[in-house]
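Student: In our numbering, the protein residues as written are 28 to 118.
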Ligand code: SF4
């Protein structure tokens, strides 16, 4: 009987941990998608990351990488900066 209670407790704790890990991964995927939507989408490679999706991935490591996107200008640049500030990803 005690074994069943212990195993149930372990399963419950493991499921809570897995749910939290999944939520964290989904949150990171959503942020990368947001970065990609805010980039110009030219896939010119001028940033050095090969494509806009490469840049979005690089921004997950360092959000300041957006500054390496030369085509990102004007309203699109201001929109990116406002987004990053809103998320507290840049100063
Ligand atoms: S420089 Fe900008 S537009 Fe060109 S691939 Fe990089 S992120 Fe995309």
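Heads up, the beta-carbon is just placed ideally off N, CA and C, and yes, glycines get one too. Predicted model, so just to flag it, every value in this text is computed and none were measured.
Comparing C-alpha positions only, which one of 80, 85 and 69 sits nearest to residue 99?
Tutor: The residue labelled residue 99 in the question sits at position 72 within the chain shown. The shortest C-alpha separation from residue 99 is found at 69.
Student: Rounding to the nearest angstrom, what Cα-Cα distance links residue 58 and residue 90 in this structure?
Tutor: Locating residue 58 in the chain shown gives position 31, counting from the first residue. Locating residue 90 in the chain shown gives position 63, counting from the first residue. One C-alpha to the other measures close to 11 Å.
Student: Per the contact definition of three or more C-beta pairs closer than 8 Å, is the stretch 75-87 in contact with the stretch 48-62?
Tutor: The stretch 48-62 is in contact with the stretch 75-87.
Student: Rounded to whole angstroms, how far is the Cβ of residue 82 from the Cβ of residue 74, which I believe are closer than 8 Å?
Tutor: The count along the chain shown starts at 1 and reaches residue 82 at position 55. The count along the chain shown starts at 1 and reaches residue 74 at position 47. Right, the Cβ-Cβ distance comes to about 5 Å (below 8 Å), so this counts as a contact.
Student: Is there at least one non-hydrogen atom of the ligand SF4 closer than 7 Å to the beta-carbon of residue 62?
Tutor: Taking the chain shown and counting its residues from 1, one reaches residue 62 at position 35. No.
Student: What separation, rounded to the nearest whole angstrom, lies between the Cα atoms of residue 51 and residue 45?
Tutor: In the chain shown, residue 51 corresponds to position 24, counting from 1. In the chain shown, residue 45 corresponds to position 18, counting from 1. One C-alpha to the other measures close to 10 Å.
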